[in-house]
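S.K.:
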Amino acid sequence: MSNLPALLKDALTIEGALGVALVDAATGLPLGAADEGTGLAVEVAAAGGTDVVRAMRRTLDGLRLGDGEGIEDLLVTTTTQLHLLRVVSGHPGLFFCLVLDRDRATLGMARFRLATIEKELVL
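Each position in the sequence shown, counted from 1, maps to that position plus 28 in our numbering.
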């Protein structure tokens, strides 16, 4: 049984979290999403994150870095937000998209917490 709802709820406890989604990188559609009721369109952030993940994968393929080289996480910053994209190990077609308030979040702690959550995912 999937523990995704509990993990999404846990991700929202990360300091500064505004919204989070587990995203299918092939379609850009969230398999699950949660937000803090701030009006953030998590689905839009997830779709945009899909384009970023795909672009980075094409870049890594072009660099031919060798077997085992893959994306762990990617960061997109705006003047008010941080978008942390964390690929699920063992399921490279999935990634978490965590949107954070830039003024309230601590990036290192958010990365650590999201990595922990990602490792706990059961599909």
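Beta carbons: idealized from backbone N, C-alpha and C, even for Gly.
This one's a predicted model, so the numbers in the text were calculated from it and none came from an experiment.
Of the residues LEU35, THR41, LEU149 and PHE124, which one's Cα is nearest the Cα of GLU71?
M.R.: Checked all of LEU35, THR41, LEU149 and PHE124; the closest Cα to GLU71 is PHE124.
S.K.: Nearest to VAL164 by alpha carbon, out of ARG130, VAL104, THR144 and LEU91?
M.R.: Residue coverage of the chain in this structure runs from 29 to 151, which leaves residue 164 outside it and unanswerable.
S.K.: Using the Cβ count rule (16 or more neighbours within 10 Å means buried), how would you classify THR78?
M.R.: So THR78 ends up on the buried side.
S.K.: On the CB-based measure, 16 or more other CB atoms within 10 Å of its CB, does ASP39 come out buried or exposed?
M.R.: For the sequence presented, residue 39 should be read as Ala rather than Asp. Per the 10 Å Cβ criterion, buried.
S.K.: Does the beta-carbon of PRO33 have 16 or more other beta-carbons within 10 angstroms, so that it is buried, or is it exposed?
M.R.: It counts as exposed.
S.K.: Counting C-beta neighbours from all protein chains within 10 Å, is the total for GLU146 16 or more, i.e. buried, or is it exposed?
M.R.: It is buried - the Cβ of GLU146 has at least 16 other Cβ atoms within 10 Å.
S.K.: The beta strand (DSSP E) that contains THR87, what's its start and end?
M.R.: Taken as a continuous stretch (DSSP letters only), THR87 belongs to no beta strand (DSSP E), being part of the alpha helix (DSSP H) at 70 to 91.
S.K.: Any chance the stretch 102 to 118 sits against the stretch 128 to 148, with 3 or more Cβ pairs inside 8 Å?
M.R.: The stretch 102 to 118, when compared against the stretch 128 to 148, does touch it at the 8 Å Cβ threshold.
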